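Data block below; observations after.
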Ligand code: C2O
Ligand code: CU
Ligand code: CU
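So this is what it looks like as structure tokens:
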């Protein structure tokens, strides 16, 4: 252990108020501030220590690291609540490749509301392979986190979670990106890297560019793809991330605006400014991920069913005192996730597993699209679809798997596996 690589952070969950709009400030929650939290940057191989403080008024919270491979007692799942006014310290070793991960609370029955009020943040892992590639990495200049969320404001600019609550997932009518309405950036480089996070409770976004040009997806939830994938549209369900590179050279003169869109709504306006950097560096090879093994046997079958308050996993609702499955550390398993359709047709469930990064083997027997062949921790499962995953845990302990529509998760569409 090299102590010079140790990093110490403090993360405080607190109540706040934000001037999102003219008029009254909006009451919020955030980490080390009023809404969302700081981007935490760690390097593979580092030892991290984080001081977790709950300064919320009278409510418990947890600090969960979505996508991070950590021992289960550091994972901040529902078993690790921190009472209001209390603090604790966790420590872990970063043992995974460069990726865009995130953090958010995971308290039983309260996750959706706490995230809605602003508790979420980006966690970036860096490593040597990635830094050798010459990808854009000037934070805030050509390497930009884009946290996409939807919210509804009352007449007095407040969030009214109870009023807007929907058991199938609370959706808003106003887009917030990194906690702002109508954001834009000034682009000074030929290539811009966006780290997209769908941090919404329920809404699925399909991103495209305002001139319909293509962009390159370079990473999935858990790291770089083997090579860039050219895309015209990219869908992300709640919890999913993707890194994309947008090329702004030639086609745009100073003052032009190119927007990242979802449908006809601009997510992020990119104003093309004075170019300071005109290199185009996009490597052809980004990573060396192993082949995906298509074993025909299935080790574990998981059925997602129901709607609203009736959602279940394998016909049961979450019970924190019940272990739903047992697994073996270091053992490669095939999981089949089936989204059981109902008379209403059903809905998409973003299926997430804690403490691991998996690969998608197939969707209804067909190999996944090129941009889904990287490391994943969350996968959108369509109604009546069977998705096969190659899953392995390298840490022991209890890990959650659940639907990432946060109201479904709070309504019990969650289960836990004990890895021994
Ligand atoms: Cu994004 Cu169980 O979490
Ligand atoms: Cu998670
Ligand atoms: Cu769901």
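Numbering (full-length UniProt numbering), first residue to last: 70 to 489. Glycine included, C-beta positions come from ideal geometry on N, C-alpha and C. Predicted, not measured: the structure shown is a model, and the values here were computed from it.
Taking the alpha helix (DSSP H) that residue i belongs to, which residues open and close that run?
| i | result |
| --- | --- |
| residue 198 | 197-201 |
| residue 184 | 180-185 |
| residue 475 | 475-479 |
Do residue i and residue j have their C-beta atoms closer together than 8 angstroms?
| i | j | result |
| --- | --- | --- |
| residue 474 | residue 307 | yes |
| residue 138 | residue 115 | no |
| residue 221 | residue 238 | no |
| residue 442 | residue 404 | no |
| residue 215 | residue 266 | yes |
| residue 199 | residue 167 | yes |
| residue 479 | residue 181 | yes |
| residue 326 | residue 287 | no |
| residue 94 | residue 226 | yes |
| residue 471 | residue 482 | yes |
| residue 231 | residue 351 | no |
| residue 147 | residue 389 | yes |
| residue 445 | residue 427 | yes |
| residue 291 | residue 136 | yes |
| residue 341 | residue 371 | no |
| residue 424 | residue 489 | no |
Around the Cβ of residue i, are there at least 16 other Cβ atoms within 10 angstroms (buried) or fewer (exposed)?
| i | result |
| --- | --- |
| residue 323 | exposed |
| residue 345 | exposed |
| residue 396 | buried |
| residue 417 | buried |
| residue 173 | buried |
| residue 275 | exposed |
| residue 70 | Residue confidence is low: residue 70 scores 42 on pLDDT, short of 50, so the model does not pin down where it sits. Its coordinate-derived value is still stated next. Exposed: under 16 other Cβ atoms inside 10 Å. |
| residue 169 | buried |
| residue 504 | The chain is shown from 70 up to 489; residue 504 falls before or after that span and cannot be answered. |
| residue 366 | exposed |
| residue 364 | exposed |
| residue 159 | buried |
| residue 331 | buried |
| residue 334 | exposed |
| residue 301 | exposed |
| residue 223 | exposed |
| residue 435 | exposed |
| residue 82 | buried |
| residue 100 | buried |
Excluding five sequence neighbours on each side, which residues of the same chain lie with their C-beta closer than 6 angstroms to the C-beta of residue i?
| i | result |
| --- | --- |
| residue 212 | 205, 206, 262 |
| residue 72 | At residue 72, the pLDDT of 48 sits below 50, so the modelled position is not reliable; the number obtained from the coordinates is stated separately. Excluding sequence neighbours, residue 72 sits near nothing in its chain. |
| residue 374 | 381, 409 |
| residue 149 | 131 |
| residue 51 | Because the chain is modelled from 70 through 489, residue 51 falls outside the range shown and cannot be assessed. |
| residue 315 | 261, 284 |
| residue 120 | 79, 158 |
| residue 318 | 259 |
| residue 123 | 82, 130, 151, 153, 155 |
| residue 268 | 189, 216, 218 |
| residue 143 | 159, 161 |
| residue 177 | 147 |
Quick one: give me the first and last residue of the beta strand (DSSP E) that residue i is part of.
| i | result |
| --- | --- |
| residue 233 | Taken as a continuous stretch (DSSP letters only), residue 233 belongs to no beta strand (DSSP E), being part of the alpha helix (DSSP H) at 230-233. |
| residue 340 | 334-346 |
| residue 218 | 212-220 |
| residue 146 | Note, residue 146: premise wrong, no beta strand (DSSP E); not H, not E. |
| residue 419 | 418-422 |
| residue 118 | 116-123 |
| residue 173 | 168-173 |
| residue 482 | It is not in any beta strand (DSSP E) - residue 482 carries neither H nor E in the DSSP assignment. |
| residue 284 | 284-289 |
| residue 78 | 76-87 |
| residue 457 | 455-460 |
| residue 133 | 133-135 |
Spatial neighbours of residue i within its chain, please: C-beta separation below 8 angstroms, excluding the five flanking residues on both sides.
| i | result |
| --- | --- |
| residue 392 | 467, 485, 486, 487 |
| residue 97 | 84, 85, 86, 87, 103, 104, 186, 187, 228 |
| residue 108 | 190, 191, 192, 193, 208, 214 |
| residue 249 | 89 |
| residue 384 | 372, 374 |
By Cβ distance, which residues of its chain are closer than 7 angstroms to residue i, with the 5 residues on each side in sequence left out?
| i | result |
| --- | --- |
| residue 362 | 459 |
| residue 355 | 202, 287, 293, 294, 295, 296, 297 |
| residue 236 | 377, 378, 476, 480 |
| residue 163 | 111, 112, 113, 114, 115, 117, 194 |
| residue 414 | 452 |
If you measure from the beta carbon of residue i to each beta carbon in chain C, is any gap under 8 angstroms?
| i | result |
| --- | --- |
| residue 231 | No chain C appears in the structure shown, which is made up of a single protein chain. |
Three Cβ pairs or more, each shorter than 8 angstroms: is that satisfied between the stretch 104-119 and the stretch 148-156? no
Stretch pair the stretch 249-259 + the stretch 272-291: three plus CB contacts closer than 8 angstroms: no
Could you say if the stretch 407-422 and the stretch 435-452 meet the contact criterion of at least three C-beta pairs nearer than 8 angstroms? yes
What residues does ligand 4 have around it, judged by CB closer than 5 angstroms to any heavy atom, in chain order? As far as ligands go, the structure on display features ligand 1, ligand 2 and ligand 3 and does not contain ligand 4.
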